[in-house]
Amino acid sequence: MSKDAYTDSLIQSGDIFTVIYKHFAKSSMFSGEAVDKARAAVDLIMTDYVAGYFALLQCLAAQIKVCNMTENQKSTIDAKYLSRITDMPELINDKIEDLTESVIGKKTEETKKVRYVARYDYKLSQFGGYERKPVYKYREEKTVKYDDSGIRGRYNAFANTPRNILINNDTAQAAIAKNITCADTYDLAQSGAFIGVDEVARRYNNWIAQKQAINCNQVRALAAYAAANGLTIREYLERNGFNTDRLPAHTVAAAGDAYDDTLTARTFAVGLVGSFVTHTMIKGFDIDEKNPAEQEVIIWNTGIHAISFDGWSFGEHHCIAIFNGTAEKPDISKLAEILARNSVIC
1 MSKDAYTDSL IQSGDIFTVI YKHFAKSSMF SGEAVDKARA AVDLIMTDYV AGYFALLQCL
61 AAQIKVCNMT ENQKSTIDAK YLSRITDMPE LINDKIEDLT ESVIGKKTEE TKKVRYVARY
121 DYKLSQFGGY ERKPVYKYRE EKTVKYDDSG IRGRYNAFAN TPRNILINND TAQAAIAKNI
181 TCADTYDLAQ SGAFIGVDEV ARRYNNWIAQ KQAINCNQVR ALAAYAAANG LTIREYLERN
241 GFNTDRLPAH TVAAAGDAYD DTLTARTFAV GLVGSFVTHT MIKGFDIDEK NPAEQEVIIW
301 NTGIHAISFD GWSFGEHHCI AIFNGTAEKP DISKLAEILA RNSVIC
């Protein structure tokens with residue numbers, strides 16, 4: 001990344017962690033991949049920042065020590081250094097507190113009453129013997145919490161970025177459920193009755209295509225990205241934390257809606273007596289092929305005998321990968337909101 005591009009991005013984003021994530025998002029298909037690529041740089045920033053924090057803390061602690069010296073002890077210190085040290089330790093403590101908050105976040109204290117057993121009283125039981133009864137008292141307990149405004153909270157926000165969002169080189173934001181399911185196109189018409197290709201296309205588009213959280217262009221981009229990295233679509237998905245156990249071999253990642261060839265030249269006559277045959281089709285990629293070509297897949301066939309005009313139809317078994325959306329879609333923009341809530345850390 002060039003210095004100018006880095007500076008422009010920093011000004012626009014307002015936070016160094018966002019800048020680094022965005023930089024690697026431009027060469028990643030999934031958000032988790034961008035996080036992994038950015039982690040080394042982010043960890044280095046954290047290491048340097050925390051090291052600087054402890055160095056400053058030691059300097060401030062030394063100043064407090066000077067403040068507590070006697071006048072005779074102070075006279076042994078070079079005047080040009082002594083003049084730079086405040087004689088009010090409370091100001092130094094305030095600076096230490098501000099510095100600490102920049103690392104771990106702003107502190108809030110909450111006081112609540114907690115019940116505890118103070119003692120036990122023993123009373124004669126009506127059944128003989130003694131019965132032990134606890135005597136309770138209350139005490140106040142303080143709990144300390146830190147918000148996410150410090151660099152620790154910002155780092156955690158970065159590290160906890162949802163990993164299952166298809167970002168397509170930072171051009172999209174489609175959250176996908178980690179368990180990828182599938183649908184068998186044969187189930188679009190189980191009755192065995194004559195069903196037209198247009199009806200099967202309608203059912204496919206309503207029952208399967210509409211479930212997809214990613215569009216056809218994003219499927220094509222996913223296939224191309226996996227191929228460029230020498231992986232099948234399945235291998236690439238699993239490498240990014242998705243579960244493909246429910247997908248049979250050679251499942252199709254569909255790229256678009258179903259359509260039919262009723263009005264095209266592909267309607268033709270076959271068989272001894274001849275039939276007018278039409279098809280329902282989709283386009284997609286075999287998830288188990290490396291560098292797969294986008295292919296046309298027939299999912300339904302219908303025909304009408306040329307002489308008797310009897311109709312027939314049958315389906316093809318093709319499993320279509322379902323990229324379901326998550327129930328609650330994480331929003332990457334919330335990351336920038338958390339990270340930029342306070343001043344820039346760089």
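For the sequence shown, position 323 matches number 323 in this note's numbering, and the numbering has no gaps at all. Even for Gly, the Cβ is constructed at its ideal location relative to N, Cα and C. Remember, it's a predicted structure, so these values are computed and weren't measured experimentally.
Query                                                                                                                                                                                      : Result
For the candidate residues T111, A41, R139, whose alpha-carbon lies nearest to that of V117?                                                                                               : R139
Give me whichever residues DSSP pairs with F30 in a beta bridge.                                                                                                                           : L166
Using a 10 Å radius around the Cβ and a threshold of 16 neighbouring Cβ atoms, would you call L222 buried or exposed?                                                                      : buried
Taking the straight line between their C-alpha atoms, what separation do you get for Y130 and Y136?                                                                                        : 19 angstroms
Out of K145, Q126, T143, R119, which one is the CA nearest neighbour of K133?                                                                                                              : R119
Please state if the CB of T86 and the CB of I77 are separated by a distance shorter than 8 angstroms.                                                                                      : no
Where does L44 land, buried or exposed, given buried means 16+ other C-beta within 10 angstroms?                                                                                           : exposed
Check whether the segment 189-209 touches the segment 254-264, taking contact to mean three or more Cβ pairs, one atom from each stretch, closer than 8 angstroms.                         : yes
Might you give, ordered along the chain, the residues of its own chain that have their beta carbon closer than 8 angstroms to the beta carbon of N243, omitting 5 neighbours on each side? : K178, N179, I180
Exposed or buried, which one is A265 when buried takes at least 16 other CB atoms within 10 Å?                                                                                             : Residue confidence for A265 is low, a pLDDT of 48 falling below 50, so the modelled location carries little weight; the figure read from the coordinates is stated next. Classification of A265: exposed, given that the 10 Å Cβ count is below 16.
What does the alpha-carbon distance come out to for the pair N324 and E238?                                                                                                                : 16 angstroms
By DSSP, does L124 sit in helix, in strand, or in coil?                                                                                                                                    : strand
Please return the same chain residues whose Cβ sits closer than 6 angstroms to the Cβ of T326, not counting the five positions on each side in sequence.                                   : A175, A177
Using DSSP's beta-bridge definition, name the partner residues of N179.                                                                                                                    : N243
Output the distance between the C-alpha atoms of G153 and I167, rounded to the nearest integer angstrom.                                                                                   : 24 angstroms
Quick check on K123: buried or exposed, where buried means 16 or more other Cβ atoms within 10 Å of its Cβ?                                                                                : exposed
Quick one: measure Cβ to Cβ for V144 and E109, integer angstroms, because I've assumed they're closer than 8 angstroms.                                                                    : 6 angstroms
Could you tell me how far apart the beta carbons of Y49 and V35 are, in whole angstroms, since I believe they sit closer than 8 angstroms?                                                 : Not really, about 19 angstroms apart at Cβ, beyond 8 angstroms.
Classify V252: buried if its beta carbon has 16 or more other beta carbons within 10 angstroms, exposed otherwise.                                                                         : buried
Any heavy atom of the ligand GTP inside 7 angstroms of the beta-carbon of G315?                                                                                                            : Ligands are entirely absent from the displayed structure, and the ligand GTP is therefore not among its contents.
Give, in chain order, every unbroken run of the beta strand (DSSP E) that is at least 3 residues long and sits entirely within the segment 56-136.                                         : 107-124
How far does the beta strand (DSSP E) with I322 in it extend, from its first residue to its last?                                                                                          : 319-322
In whole angstroms, give me the CA-to-CA distance for A209 and F54.                                                                                                                        : 56 angstroms
Does DSSP put A253 in a helix, in a strand, or in coil?                                                                                                                                    : strand
Looking at C-alpha atoms only, which residue of L99, Y81, M281 is the closest neighbour of Q58?                                                                                            : L99
By Cβ distance below 8 angstroms, which residues in the same chain neighbour I352 in space, the five residues on each side in sequence not counted?                                        : The shown model of the chain, from 1 to 346, leaves out residue 352, and the question about it has no answer.
Label H23 either buried or exposed according to how many other C-beta atoms from any shown protein chain fall within 10 Å of its C-beta, with 16 as the threshold for buried.              : buried
Quick one: Cα of I16 to Cα of A25, how far?                                                                                                                                                : 14 angstroms
With a threshold of 7 angstroms on Cβ separation, who are the neighbours of K211 within its own chain once the five nearest residues in sequence on each side are excluded?                : I322, N324
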